[in-house]
Each structure stands twice: as C-alpha cells, then as structure tokens.
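One structure below.
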Amino acid sequence: MFRVETVRLVLAAGVALAAVVIVVQLVWGHLSIPSLRDVPPASDGLATAVIVAARDEERHIRASVSSLLSQTYPALEVIVVNDRSTDATGTILDDLAREEPRLRVVHVDALPDGWLGKNHAMQLGARAAGAELLIFADGDVVMAPDAIARASRLMTTLRIDHLAVAPDMRLPTWPLALVVNYFMMWFLLYLKPWRAQDPKSTAFIGIGAFNMVRASAFHAVDGFARIALRPDDDIMLGKLLKRHGHRQLLATADGTVAVEWYQTLGELARGFRKNAFAGMHYSLLLTIGAVAGNVVLCIWPFIAAWITSGAERWLYLTAVVAQIVAYAGGAFVGRTRPWLAILYPVAAVLFVSILTAAVFRTLRRRGIEWRGTFYALDRLRANRI
C-alpha cells in the first residue's frame with residue numbers, strides 16, 4: 006500500500022511540476038516576443054513582393070488583396086497565384102488587376118506531379134517576383150495599411166533573414182475559440198518559437214499568414230522545392246532557413262495582421278486532416294505519446310482533483326490552476342475569449358479527439374485529400390528535411 010501511495014504521489018507531483026513549468030515557459034515566451042505594433046513604420050526600404058496562393062477563396066480574397074494594395078509601403082508589388090480555383094476567385098482577381106497595376110495574377114490550370122498545390126503556387130509566385138524581400142501570405146489574411154512598413158523596418162533594423170508574424174485570430178464562435186486557444190498554447194510550447202532568434206538554438210518558426218523572407222535566403226535553400234510535399238509548408242520553410250544559418254524572428258501582429266483561420270469547429274477538424282499527422286512527423290508512436298500526454302497532463306488532473314485527497318489532491322489542484330492560468334493568459338494576449346479557460350478540460354478532450362480522428366483518417370486512407378487533390382502518404386512521408 007505504501008508503495009502504491011508513493012507512486013500516486015510522485016505522479017501527482019510530476020503533473021503539478023509540469024503544469025507550473027508550462028506557465029513559466031509561456032510567460033517567458035510571451036515577454037520575449039516583440040510586437041509589430043511597437044515598430045515604427047518605414048517610409049521606404051527594399052523592394053518587396055507579397056505572394057499569395059489562393060484556391061477557392063472567393064469569400065475572403067477581395068478584402069485580403071485590397072488590404073495589400075492599400076499598404077503605405079511604396080516599393081511593393083502583389084502577386085496572387087490562382088491555384089485551380091473552381092469558384093469566383095479567378096474572376097475577382099482579374100477584376101482587381103484591371104484596376105491596379107501593382108497586382109499581378111498568375112493562373113494555374115494543372116498541378117505538376119510531386120507538388121502540393123499551395124507549395125507549387127508559392128514557388129511560382131516567388132519565381133515571378135523580382136523583389137529583394139518576399140512575403141508569403143494566405144488568401145484570407147487582412148493587413149493594416151502600415152503592416153508591411155513595420156515589418157520591413159524590423160527586418161532591416163535587426164538584420165534578420167526571416168520574419169514570421171503571428172496574426173490576430175478572428176474566431177467567430179466560442180467552440181472554435183475554445184479549441185484554437187488550446188491548440189495555440191501547446192503549439193507554442195512544442196516549438197518554443199521565442200528561441201528561434203537564437204542562432205545557437207535549434208528552435209525554428211514559420212507562419213503561413215505572414216512569412217517575410219529575404220529573396221537571397223529563400224533561393225539559397227531552393228525555396229519550396231525542398232518541401233514540395235509538406236502540408237506544414239510554413240513551418241518547414243522556417244526549419245530550412247534556420248538549418249542553413251539564416252537568422253529568424255517571431256513577432257506578434259497586435260492589430261496589424263488578422264486572419265479568420267476557420268469559421269467553425271467543424272472546419273477546423275476538417276482542416277487538421279491536412280497536416281495533423283505531418284505535425285507528428287508521420288509517427289504513430291509520437292501521436293500516441295501526444296494523446297497520452299494530453300490525457301495525463303490536461304484531462305486527468307481535473308478528475309483527480311475530485312477523487313483524491315490530502316497532498317495528492319493539492320498537487321492536482323495546483324496543476325489545474327496552473328493550466329487554467331496558462332490558457333487564460335494566452336487567450337488574453339490574443340484577445341480570444343479568456344473566460345473559456347473554465348472549459349479547459351473540454352478543450353483538451355475535443356483537441357485529442359480531432360487529432361486522433363485526423364491521424365486515423367490519414368492512416369486509413371493512406372494519404373490526405375486537400376482542396377480536391379489526393380496525396381499518397383508514402384510520398385508525403387518521403388519528403389523529409
């Protein structure tokens with residue numbers, strides 16, 4: 006009996022310690038990440054091209070491209086690659102291009118073998134650009150008029166090669182916000198992107214909403230050709246750049262860049278089918294470990310706090326409070342409903358369910374289907390970097 010109680014107490018202590026470490030790391034991380042809002046906008050600078058890959062984005066594309074064409078940064082061109090859209094995306098882009106000479110539209114009718122659609126589209130856009138700085142953005146991103154001017158100054162002042170900007174999340178429904186807040190908390194803990202700026206650290210970062218890269222650095226790593234079949238292309242571009250010695254930095258948008266990532270929780274669940282397994286390095290063992298870790302650290306303490314007693318209960322209560330504080334803090338910084346922290350274990354259950362379902366679907370179908378194209382799992386796995 007003594008040994009069982011000791012094991013249970015050690016487990017509770019380990020969970021409590023891990024939860025406290027989470028809070029400390031997240032606080033340190035948030036304090037270490039600069040805000041784009043604090044950077045004065047540049048009045049001039051290096052020639053810059055914004056490259057947007059768009060497929061079936063009729064809901065957002067006009068507002069997104071219009072925000073790019075409204076930038077105060079003078080040396081700017083906008084290249085939008087219409088990747089085989091079946092809706093009105095192409096027509097909207099052609100209408101905008103007739104009114105604005107800085108907008109160049111490239112239409113893609115067929116996808117070459119060995120490429121994901123978005124990766125191929127961004128590579129085409131990069132080839133068409135003659136600028137010294139490249140910004141890769143998504144077709145649903147909206148930028149404040151001075152966003153690129155601020156980013157350009159930050160790049161040149163700190164002499165970095167890659168700037169990733171974490172956008173403000175527009176989350177229309179509270180169930181969506183509940184899970185996104187949870188995912189972002191663990192995404193930060195997993196990558197520790199605040200360390201990416203340290204050349205001695207192996208940490209790296211990349212964000213699809215806003216990846217700003219020196220063209221020389223981008224071409225030096227062969228751009229998206231090295232990650233042609235990576236669903237997590239944004240993060241993998243950051244990994245490539247960091248691995249080859251290029252300096253990078255993460256900044257928060259704080260009102261300068263915004264994205265409606267998904268509209269509903271169902272959309273998020275379907276979106277995770279694309280890159281959930283890629284995020285687990287296509288490892289079933291790692292996936293099982295991630296699920297088990299979430300259950301033990303994020304779900305079990307909320308149950309144990311009710312059914313245990315004495316020191317064990319206090320340790321689990323410490324874990325509960327620490328994780329609620331961590332969740333609420335991240336949501337407060339992102340202005341995405343901090344009060345949802347009271348539903349933290351529900352968020353954990355939903356996230357584990359979505360992750361498990363996405364990985365199981367990928368394994369069952371031996372691949373992923375994204376935007377109307379099927380990609381075989383064996384080929385996706387082979388694209389390692």
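Just add 5 to wherever you are in the sequence shown, counting from 1, and you've got my numbering.
Beta carbons are placed, not taken as given, at the ideal position from N, Cα and C, and that holds for glycine.
Quantities reported herein were computed from a predicted structural model and do not represent experimental measurements.
| query | result |
| --- | --- |
| When we look at the beta-carbon of I347 and count the other beta-carbons within 10 Å, is it buried (16 or more) or exposed? | exposed |
| Looking only at its own chain, which residues have a Cβ that is under 8 angstroms from the Cβ of I38, when we skip the five neighbours before and after it? | A171, P198, W199, L255, A256 and T257 |
| Please return the same chain residues whose Cβ sits closer than 6 angstroms to the Cβ of P46, not counting the five positions on each side in sequence. | D151, A154 and R155 |
| Using the Cα positions of A363 and Y349, report the straight-line distance between them to the nearest angstrom. | 21 angstroms |
| Who pairs with W375 in a beta bridge, going by DSSP? | T378 |
| Quick check on N388: does DSSP put it in helix, strand or coil? | coil |
| Applying the 10 Å Cβ sphere with the 16-neighbour rule, what's the burial state of S206? | exposed |
| CB-CB under 8 angstroms to T91, same chain, minus the five flanking residues each way: which ones, in chain order? | D61 and G377 |
| Where are the beta strand (DSSP E) runs, 3 residues long or more, that stay fully inside the stretch 230–276, in chain order? | 253–257 and 262–264 |
| Using beta-carbon positions only, say whether A59 and D88 come within less than 8 angstroms of one another. | yes |
| Is it the case that the Cβ atoms of W179 and L345 are separated by a distance below 8 angstroms? | yes |
| State the CB to CB distance for the pair Y332 and Y187, rounded to an integer number of angstroms; the pair is presumed to be in contact (CB under 8 angstroms). | 7 angstroms |
| Output the boundary residues of the alpha helix (DSSP H) element that contains T94. | T94 to E104 |
| Just to check, is the beta-carbon of D88 closer than 7 angstroms to a non-hydrogen atom of the ligand COA? | For the structure depicted, the ligand COA is absent and the ligand set is empty, with no information on it obtainable. |
| Taking its Cβ as the centre, do 16 or more other Cβ atoms sit within 10 Å of I232, making it buried, or is it exposed? | buried |
| Is the Cβ-Cβ distance between L73 and V83 less than 8 angstroms? | yes |
| When the Cα atoms are used, what is the spatial distance from L176 to R132? | 34 angstroms |
| Skipping 5 residues on each side, what residues in its chain have a beta carbon closer than 6 angstroms to that of W120? | A233 |
| So within the stretch 311–344, which uninterrupted beta strand (DSSP E) runs reach at least 3 residues, ignoring any that extend past its ends? | none |
| Less than 8 angstroms between the C-beta atoms of A142 and F215, yes or no? | yes |
| The beta strand (DSSP E) spanning A58 covers which residue range? | T53 to A59 |
| Any idea if M6 is buried or exposed, counting beta-carbon neighbours within 10 angstroms, 16 or more meaning buried? | Because the pLDDT of M6 is 48, which lies under 50, any placement of that residue in the model is unreliable, and the number read from its coordinates should be weighed accordingly. It counts as exposed. |
| Have a look at E10, L183, T53 and D145 and flag the residue whose alpha-carbon is nearest the alpha-carbon of A352. | L183 |
| Just the Cα atoms here: how many angstroms apart are L322 and G315? | 11 angstroms |
| Identify whether E82 lies in helix, strand or coil by the three-state DSSP scheme. | strand |
| Could you tell me how far apart the beta carbons of L81 and R107 are, in whole angstroms, since I believe they sit closer than 8 angstroms? | 7 angstroms |
| With 16 as the cutoff for other CB atoms within 10 Å, does P79 come out buried or exposed? | exposed |
| Leaving out five residues before and five after T292 in sequence, what residues of the same chain have Cβ atoms less than 6 angstroms from its Cβ? | M285 and V364 |
| Please state whether the Cβ-Cβ distance between L139 and A201 is less than 8 angstroms. | no |
| Within a Cβ cutoff of 8 angstroms, which residues of the same chain sit near H125, ignoring the five residues on either side of it in sequence? | D88, V113, L116, P117, F229 and A233 |
| Taking 8 angstroms as the cut-off, decide whether the C-beta atoms of A149 and T261 are in contact. | yes |
| Where are the alpha helix (DSSP H) runs, 4 residues long or more, that stay fully inside the stretch 163–196, in chain order? | 179–196 |
| Could you tell me the distance, in whole angstroms, from the CA atom of I373 to the CA atom of T313? | 43 angstroms |
| Among T162, A263, H167 and V146, which residue has its Cα nearest to the Cα of K247? | H167 |
| On a CA-only basis, which of M127, H65, G122 and R13 is nearest I56? Give me that one, please. | M127 |
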